[in-house]
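S.K.:
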Amino acid sequence: MDVDVETSIEIARPRAQVAAFAADPDNVHRWYRNIKRVEWLTDRPLRVGTRLAFAAEFFGRRMAYTYEIIEHVPGERLVMRTADGPFPMETTYLWVDGPAGTTLMALRNRGRPAGLSAIAAPMMAAGVRRANRADLRRLKAALES
Numbered sequence: 005m006d007v008d009v010e011t012s013i014e015i016a017r018p019r020a021q022v023a024a025f026a027a028d029p030d031n032v033h034r035w036y037r038n039i040k041r042v043e044w045l046t047d048r049p050l051r052v053g054t055r056l057a058f059a060a061e062f063f064g065r066r067m068a069y070t071y072e073i074i075e076h077v078p079g080e081r082l083v084m085r086t087a088d089g090p091f092p093m094e095t096t097y098l099w100v101d102g103p104a105g106t107t108l109m110a111l112r113n114r115g116r117p118a119g120l121s122a123i124a125a126p127m128m129a130a131g132v133r134r135a136n137r138a139d140l141r142r143l144k145a146a147l148e149s
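Residue 5 is where the sequence shown starts when you use the numbering used here, and the numbers rise one by one after that.
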């Protein structure tokens, strides 16, 4: 079974500001609770082909994985994909102008758990949804404070 979760939030900041902050790997620890470390494996700046090593804790388990940027339209869309680990995943950030100068940001995670992880796909989807909502609230708080 596939996991496909999309969450969104309205942030009271201009789209360029929200996108620049959210797309910067050096900021992820400020809004992703489960991400403990990010390491650039390729030279800056962020672009298609950039590789980033992440260390995270999710469902009480430590995980290490490498994301590769597969699409980047600054201020509009960022797509990254990992093929390693028990849960190969694609993560997409979308930013659009909201009302009165706000930004609507969508965060989508989709993937196909492998092995025993596949059995827990419905529970994983619920956990990803909860984590994404909390992370987007943290992003909103970081940018609006």
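The beta carbon of each residue, even a glycine, is placed where N, CA and C say it ideally should be.
Look at Val-32 and Val-42 and say whether their C-beta atoms are less than 7 Å apart.
M.R.: For Val-32 and Val-42, yes; Cβs fall inside 7 Å.
S.K.: Grouping DSSP H, G and I as helix and E and B as strand, with all else coil, what is Gly-115?
M.R.: Gly-115: strand per DSSP, three-state reduction.
S.K.: By alpha-carbon positions, which one of Ile-73, Arg-81 and Phe-62 ends up nearest to Ala-130?
M.R.: The shortest Cα separation from Ala-130 among Ile-73, Arg-81 and Phe-62 belongs to Phe-62.
S.K.: Inspect the beta-carbon positions of Ile-39 and Ala-60 and report whether they are closer than 7 Å.
M.R.: Going by C-beta atoms, Ile-39 is nearer than 7 Å to Ala-60.
S.K.: Checking the sheet assignment: what are the DSSP bridge partners for Arg-65?
M.R.: The partner list for Arg-65 (beta bridge, DSSP) reads Phe-62.
S.K.: Could you compute how far the alpha carbon of Leu-98 sits from the alpha carbon of Asp-88?
M.R.: Between Leu-98 and Asp-88, the C-alpha separation is close to 24 Å.
S.K.: Which runs of the alpha helix (DSSP H) fall wholly inside the stretch 13-61 and span at least 4 residues, in chain order?
M.R.: Here the runs fully enclosed are 19-27 and 32-35.
S.K.: Pick out whichever of Met-128, Pro-78 and Ala-110 has its Cα sitting closest to the Cα of Leu-143.
M.R.: Comparing Cα-Cα distances from Leu-143 to each of Met-128, Pro-78 and Ala-110, the minimum goes to Ala-110.
S.K.: Among the candidates Gly-79, Gly-102 and Val-132, whose CA atom is the shortest distance from the CA of Val-7?
M.R.: Closest option to Val-7, Cα to Cα, is Val-132.
S.K.: With C-beta atoms as the reference, is Glu-14 less than 7 Å away from Leu-108?
M.R.: Taking 7 Å as the Cβ cut-off, Glu-14 and Leu-108 qualify as a contacting pair.
S.K.: Three-state secondary structure (DSSP) at Glu-94?
M.R.: In the structure shown, Glu-94 sits in a strand (DSSP, three-state: E or B).
S.K.: Should Asn-31 be flagged as near chain B, meaning a C-beta pair shorter than 7 Å?
M.R.: Protein chains in the displayed structure number just one, and chain B is not present.
S.K.: From the DSSP secondary-structure annotation, give me the bridge partner or partners of Glu-75.
M.R.: Beta-bridge pairing links Glu-75 to Val-83.
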